[in-house]
Amino acid sequence: METFRDKTAVVTGAGSGIGKELALALAGEGAHVVITDIVKERIDEVLPQLQGKGVRAGGYRVDHSDLEETRAFADRFFKEWGHADILCCNAGVGHGARIEETSLEEWKWVLGVNLWGVIYMVHFFVPRMIERRQGSILITASQAGLAPAPGMAPYNVTKGALVSLAETLRMELVSHNIGVSALCPGIINTNIIRDGKIHFADETSVQSNIAQFYATKGTDPAVVAKDGLRALKRDIAIMPTPLHAWPLYLLHRISPSLFQRLGKSQWKKGKAFIIPVQRKP
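Position one of the sequence shown corresponds to residue 0 (numbering that gives the first Met the number 0), numbered consecutively onward.
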């Protein structure tokens, strides 16, 4: 997609973080933007910022893990906006725990938001794009979808699935003039840790510790949004972002066995690679 001006974009999970910055970046380039979030107050905060860029903007509270809520949103969107030129499936949640401490309820929660939420949006929006024979799709996966870290199995599963989904759609939809990209962020300063479910049995303060790590060491989500727009414009298949996301991605591609040895070693030391998650025994 060469230009975003006067295009209509949908960005899910845009009340904060990467979704908010994607929405603002698209509006800054002249796109009309519709955002969703599960927290209405966040929508109310972002909408004036979008409108201040001189474009049409709309906001809807949606729980994308809920099929009927997503269906209702899609029906309302097409009635009020007509069509979507750009679809950014960004809504997601974070989770961290050892596998033996992860409940089935947590598995269902993470898969519901991160994976089914995207599947529902694809189901309702992609056929409309096919009818118009044009469009661009950006799916926010994660560095963890390219190079999984220990201590976050449900999250890794969903993000790996999203990379696979993006690559599959990219092959299927090329004949319909629809581009698909997977955005794979690393450690970013967003609400994903504070809003997520992070717990390890031997360290009750782990969530606040990791949240502080992300806040102080994480990259500005605006950097990720810039790379996301670049992926849309240039139809890039997989976009790791920012630069710190590349080494583990490349190591995993070049030598999976070496990547595994490194992961095992770090986990034994109480780290999921560079992120501290547990006390040493």
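All C-beta atoms in this analysis are idealised placements derived from N, C-alpha and C, irrespective of residue type, glycine included.
- Task: Step through the CB atoms of chain D and report whether any lies within less than 8 Å of the CB of leucine 114.
- Result: Of the protein chains in the structure, only one exists, and it is not chain D.
- Item | Inter-residue spacing [alpha-carbon to alpha-carbon] between proline 280 and tryptophan 266 | Within the sequence shown, numbered from 1, the residue matching residue 280 stands at position 281. Within the sequence shown, numbered from 1, the residue matching residue 266 stands at position 267. Because proline 280 carries a pLDDT of 44, less than 50, the predicted location of this residue cannot be relied on, and the following value inherits that uncertainty. The straight-line gap from Cα to Cα measures roughly 11 Å.
- Task: Would you list, in sequence order, the uninterrupted beta strand (DSSP E) runs of no fewer than 3 residues that lie entirely inside the region 121-147?
- Result: 134-139
- Measure the C-alpha to C-alpha separation of glycine 178 and arginine 233 and round it to an integer number of angstroms. Here residue 178 refers to the residue found at position 179 of the sequence shown. Here residue 233 refers to the residue found at position 234 of the sequence shown. Using only the alpha carbons, I get a separation of about 9 Å.
- Message: Taking a contact to mean a Cβ-Cβ separation below 8 Å, would you say alanine 146 touches alanine 271 in this structure?
- Response: Taking the sequence shown and counting its residues from 1, the one referred to as residue 146 is at position 147. Taking the sequence shown and counting its residues from 1, the one referred to as residue 271 is at position 272. No. Outside cutoff.
- Could you check where the alpha helix (DSSP H) with methionine 170 kicks off and where it finishes? In the sequence shown, residue 170 corresponds to position 171, counting from 1. Element bounds for methionine 170: 152-172.
- Given a threshold of 16 other Cβ atoms within 10 Å of its Cβ, counted over all protein chains shown, does valine 173 qualify as buried or as exposed? Here residue 173 refers to the residue found at position 174 of the sequence shown. Looking at its Cβ environment, which holds fewer than 16 other Cβ atoms inside 10 Å, valine 173 is exposed.
- Task: Pick helix, strand or coil for lysine 279, following the three-state DSSP scheme.
- Result: Here residue 279 refers to the residue found at position 280 of the sequence shown. In this prediction, lysine 279 has a pLDDT of 40, which is less than 50 and means its spatial position is unreliable; what the coordinates show is noted afterwards. In the three-state reduction of the DSSP assignment, lysine 279 falls in the coil class, being assigned neither a helical nor a strand state.
- Straight-line gap, arginine 127 to serine 135 (C-alpha atoms, nearest Å): Residue numbering aside, residue 127 sits at position 128 when the sequence shown is read from its first letter. Residue numbering aside, residue 135 sits at position 136 when the sequence shown is read from its first letter. The alpha-carbon atoms of arginine 127 and serine 135 are separated by roughly 12 Å.
- Exposed or buried, arginine 278, counting other C-beta atoms within 10 Å across all chains shown (16 or more means buried)? Looking up residue 278 in the sequence shown gives position 279. The pLDDT assigned to arginine 278 is 46, lower than 50, so where the model puts this residue is not dependable; a value taken from the coordinates is nonetheless given after this. Exposed, because fewer than 16 other Cβ atoms sit within 10 Å of the Cβ of arginine 278.
- Extent of the continuous beta strand (DSSP E) to which alanine 244 belongs: Against the sequence shown, residue 244 aligns to sequence position 245. Segment: none, alanine 244 is in no beta strand (DSSP E) and carries neither H nor E.
- Query: Grouping DSSP H, G and I as helix and E and B as strand, with all else coil, what is lysine 6?
  - Reply: As a working note, residue 6 is residue 7 in the sequence shown. Coil, per DSSP.
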